[in-house]
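Trainee: Just passing along the structure, written as structure tokens.
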Amino acid sequence: MKLNFNNIQKHYSDLHVIEDFSREFEEGQLVALVGPSGCGKSTLLHIAAGLEKPTAGTVLANDRPIEGPHPERTLMFQENALYPWLTLAQNVALALEFQKVGKKQAHDKACEWLEKVSLKGFENYFPHQVSGGMRQRAALARAFVSNPKVLLLDEPFGALDALTRMTLQDALRDLIREVRPTVLLVTHDVDEALFLADRILVFSHRPATVLREFNLTQHEKTHDLSEFASMRRQILGLLGIHAEQDEVAKLLEGAEV
19 MKLNFNNIQK
29 HYSDLHVIED
39 FSREFEEGQL
49 VALVGPSGCG
59 KSTLLHIAAG
69 LEKPTAGTVL
79 ANDRPIEGPH
89 PERTLMFQEN
99 ALYPWLTLAQ
109 NVALALEFQK
119 VGKKQAHDKA
129 CEWLEKVSLK
139 GFENYFPHQV
149 SGGMRQRAAL
159 ARAFVSNPKV
169 LLLDEPFGAL
179 DALTRMTLQD
189 ALRDLIREVR
199 PTVLLVTHDV
209 DEALFLADRI
219 LVFSHRPATV
229 LREFNLTQHE
239 KTHDLSEFAS
249 MRRQILGLLG
259 IHAEQDEVAK
269 LLEGAEV
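Residues in the sequence shown are numbered consecutively from 19, following the working numbering.
So this is what it looks like as structure tokens:
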């Protein structure tokens with residue numbers, strides 16, 4: 019599903035969050051939104067989800083105005099937001115039951131997606147009985163089970179340790195390749211953006227404007243991001259982080275003592 023943001027502004031009384039944002043996102047693209055905290059990235063996701071209305075401008079999904087939430091557009095937060103009194107399978111199936119899918123069909127589909135995220139055998143476990151990474155896998159399954167055309171991800175792995183985060187980045191990339199939704203990913207992790215994204219938009223401080231856009235569609239990527247070193251330094255520089263200090267920190271982490 020193609021998304022068009024046309025001259026979007028968002029104000030909360032005297033607080034100007036977004037000023038004149040316009041971009042087109044092609045069907046099947048993964049676009050990462052990177053920028054300082056509070057600059058309006060999550061607000062753009064909420065507008066695309068239909069949870070908030072812009073102060074000015076329009077957002078179109080396949081040339082139709084977005085006027086409210088729709089099952090074709092799924093928003094996933096940093097917190098997994100699983101219901102603690104439901105099993106993992108019941109949590110995933112709930113996304114389908116809200117769309118009037120029968121309980122048996124919804125349960126079968128939920129189990130199918132739990133298997134896709136390596137949770138086969140944990141269908142009847144409750145959220146408190148599994149790890150944080152497993153809960154986030156279940157949240158991924160719930161996000162994909164209804165076959166969304168647009169997937170809006172708000173720091174989905176921000177609360178996880180580095181190794182679990184990389185494992186889930188791999189899982190997310192595999193699921194995206196299978197389902198091919200249009201994805202907007204808000205992240206503060208530049209390496210995550212470089213690994214997952216086809217395009218990266220770097221935002222300024224509030225009110226948000228795009229400082230620069232990077233295109234990565236021609237690259238076959240692994241977690242070895244050495245070929246992106248120059249791009250990484252440029253993005254960090256736009257965010258006000260000195261690349262030299264960042265590289266020194268990495269060298270110190272690997273130094274022998």
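Quick reminder that beta carbons are idealized off the backbone N, C-alpha and C, glycines included. Keep in mind the model is a prediction, meaning the values are calculated, not measured.
1) State the CB to CB distance for the pair Leu78 and Leu202, rounded to an integer number of angstroms; the pair is presumed to be in contact (CB under 8 Å).
2) Which residues does DSSP pair with Arg217 in a beta bridge?
3) Please list the terminal residues of the continuous beta strand (DSSP E) segment that includes Met94.
4) Is the Cβ-Cβ distance between Gly17 and Ile36 less than 8 Å?
5) Could you give the uninterrupted runs of the alpha helix (DSSP H) lying entirely in the region 47–87, keeping only those of 4 residues or more?
6) Count the other C-beta atoms from every protein chain shown that fall within 10 angstroms of the C-beta of Thr235, then say buried if there are 16 or more, exposed otherwise.
7) Applying the criterion that 16 or more other CB atoms from any shown protein chain within 10 Å of the CB defines a buried residue, is Glu271 buried or exposed?
8) Could you tell me whether the region 189–196 touches the region 225–232, using the rule of 3 or more Cβ pairs below 8 Å?
9) Can you give the beta carbon distance from Glu231 to Arg251, rounded, assuming they're within the 8 Å contact cut?
10) Below 8 Å on the Cβ atoms is my contact criterion, and I expect Val208 with Leu137 to pass it. Report the Cβ-Cβ distance as a whole number of Å.
11) List, from N- to C-terminal side, the alpha helix (DSSP H) runs of 4 residues or more that fit wholly inside the region 115–142.
12) Less than 7 Å between the CB of Ala107 and some heavy atom of the ligand GDP, yes or no?
13) Beta-carbon separation of Gly86 and Gln27 under 8 Å?
14) What whole-angstrom Cβ distance do Met94 and Asp172 have, given they're in contact under 8 Å?
15) Distance check for Leu190 and His241, CA to CA, integer angstroms please.
16) For Lys20, which option in Arg155, Val168, Gly139 has the closest C-alpha, if you only look at C-alpha atoms?
17) Which one of Ser31, Ser55, Asp38, Asn22 has the shortest CA to CA distance from Gly258?
18) Which residues bound the alpha helix (DSSP H) around Leu178?
19) Leaving out five residues before and five after Gln117 in sequence, what residues of the same chain have Cβ atoms less than 7 Å from its Cβ?
20) CA-CA distance, Phe213 and Ala50?
21) On the criterion of 16 or more Cβ atoms from any shown chain inside 10 Å, does Lys122 qualify as buried, or is it exposed?
22) If we ignore side chains and look at the alpha-carbon of each, how far apart do Lys127 and His34 end up?
23) Any idea if Gln154 is buried or exposed, counting beta-carbon neighbours within 10 angstroms, 16 or more meaning buried?
24) Taking its Cβ as the centre, do 16 or more other Cβ atoms sit within 10 Å of Asn98, making it buried, or is it exposed?
25) Just list the residues that DSSP pairs Val204 with in beta bridges.
Mentor: According to the structure shown:
1) Within the sequence shown, the letter at position 60 stands for residue 78. Within the sequence shown, the letter at position 184 stands for residue 202. Not quite, the Cβ-Cβ distance comes to about 14 Å (not below 8 Å), so this is no contact.
2) Within the sequence shown, numbered from 1, the residue matching residue 217 stands at position 199. Paired residues: Val49, Asn233.
3) Indexing the sequence shown from 1 puts residue 94 at position 76. Segment 91–94, the beta strand (DSSP E) holding Met94.
4) Because residue 17 is not part of the residues shown, which for the chain are 19 to 275, the question remains open.
5) 59–67
6) Taking the sequence shown and counting its residues from 1, the one referred to as residue 235 is at position 217. Counting Cβ neighbours within 10 Å, Thr235 comes out exposed, since fewer than 16 surround it.
7) By one-based count along the sequence shown, residue 271 stands at place 253. Its pLDDT being 46, under 50, Glu271 is placed unreliably by the model, and the measurement read from it follows with that caveat. Label assigned to Glu271: exposed.
8) no
9) For the purposes of this step, residue 231 is taken as residue 213 along the sequence shown, with counting starting at 1. For the purposes of this step, residue 251 is taken as residue 233 along the sequence shown, with counting starting at 1. 16 Å between Cβ atoms; not a contact.
10) Looking up residue 208 in the sequence shown gives position 190. Looking up residue 137 in the sequence shown gives position 119. That pair is no contact at about 29 Å.
11) 121–134
12) The ligand GDP is absent from the structure shown, which contains no ligand whatsoever.
13) Locating residue 86 in the sequence shown gives position 68, counting from the first residue. Locating residue 27 in the sequence shown gives position 9, counting from the first residue. No.
14) Along the sequence shown, one-based indexing puts residue 94 at 76. Along the sequence shown, one-based indexing puts residue 172 at 154. About 7 Å separates the two Cβ atoms, so the contact holds.
15) Here residue 241 refers to the residue found at position 223 when the sequence shown is read from its first residue. Here residue 190 refers to the residue found at position 172 when the sequence shown is read from its first residue. Rounded to whole angstroms, His241 to Leu190 spans 14 Å at the Cα level.
16) Start at 1 with the first residue of the sequence shown, and residue 20 comes out as number 2. Lys20 has its Cα closest to that of Val168, out of Arg155, Val168, Gly139.
17) If you number the sequence shown from 1, residue 258 lands on position 240. The candidate whose alpha carbon is nearest that of Gly258 is Ser55.
18) As a position in the sequence shown, residue 178 is number 160, starting the count at 1. No alpha helix (DSSP H) contains Leu178, which DSSP labels as neither H nor E.
19) Along the sequence shown, read from residue 1 onward, the residue named residue 117 stands at position 99. Taken in chain order, the residues that qualify are Pro89, Ser164.
20) For this step, residue 213 is matched to residue 195 along the sequence shown. For this step, residue 50 is matched to residue 32 along the sequence shown. Whole-angstrom Cα-Cα distance: 10 Å.
21) Here residue 122 is taken as the residue at index 104 of the sequence shown, counted from 1. When all chains shown are included, Lys122 counts as exposed.
22) Here residue 127 is taken as the residue at index 109 of the sequence shown, counted from 1. Here residue 34 is taken as the residue at index 16 of the sequence shown, counted from 1. Whole-angstrom Cα-Cα distance: 43 Å.
23) Residue numbering aside, residue 154 sits at position 136 when the sequence shown is read from its first letter. Looking at its Cβ environment, which holds 16 or more other Cβ atoms inside 10 Å, Gln154 is buried.
24) Translated into the one-based positions of the sequence shown, residue 98 becomes position 80. Result: buried.
25) Translated into the one-based positions of the sequence shown, residue 204 becomes position 186. Paired residue(s): Leu51, Asp172.
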